[in-house]
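To start, the structure itself, in structure tokens.
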Amino acid sequence: MGLLAKICGCGVRTALDQQREAMRRELSELASQLGVHGSALAELFRLELGEYMRRQRRRMALLIAGGACAALAYISFWILLCCWLAPLWGCPAVLALVCLLHLLLAVALLLSARRLKPTAFAPDTRRELQNDLQCLKILLQEKKTS
Numbered sequence: 581m582g583l584l585a586k587i588c589g590c591g592v593r594t595a596l597d598q599q600r601e602a603m604r605r606e607l608s609e610l611a612s613q614l615g616v617h618g619s620a621l622a623e624l625f626r627l628e629l630g631e632y633m634r635r636q637r638r639r640m641a642l643l644i645a646g647g648a649c650a651a652l653a654y655i656s657f658w659i660l661l662c663c664w665l666a667p668l669w670g671c672p673a674v675l676a677l678v679c680l681l682h683l684l685l686a687v688a689l690l691l692s693a694r695r696l697k698p699t700a701f702a703p704d705t706r707r708e709l710q711n712d713l714q715c716l717k718i719l720l721q722e723k724k725t726s
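Note that the working numbering gives residue 726 to position 146 of the sequence shown, counting from 1, and the numbers run on in steps of one.
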């Protein structure tokens, strides 16, 4: 009986050692795949962020240049309009008209700005992370059922 117990115990121990080794290999493979996938996601995010920042810098430069030109033209227009209408209507009436038009324009611009919604930030990275989450959920469900 002692010899049979040693043989059975040795076989069980060998099977457990093989399972542990298989589990260790599987975990190390999983860790390496997670590392590769994580670095790929980080690179995708870095690329998207760089592209976003380049686009925003360019947009801001154009907005500043366009705003400066528009401001000069705007001021010149109202000065010329006031000079032209002042002899006809008088200075207080012209200034009241200019003030009223600016107030209406400000209200329209503020309402338009309120309706604008911000766009999504790094959409490809977010989509990739959502796909990864779905894959992990499916993998965990398969592990539970098997």
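Ideal placement from N, C-alpha and C gives every residue a C-beta, glycine not left out.
Secondary structure at P672: helix, using DSSP grouped into helix, strand and coil. Pairing R694 with Q636, the inter-Cα distance amounts to about 20 Å. Taken through DSSP and simplified to helix, strand or coil, P698 comes out as coil. Sixteen is the threshold: since fewer than 16 other Cβ atoms of the shown chains lie within 10 Å of the Cβ of V616, the residue is exposed. Segment contact: the region 671–678 against the region 652–662, three or more CB-CB distances shorter than 8 Å; contact assigned.
In the three-state reduction of the DSSP assignment, S726 falls in the coil class. Taking a cut-off of 8 Å on C-beta distances, the region 698–707 touches the region 624–636, as three or more cross pairs fall below it.
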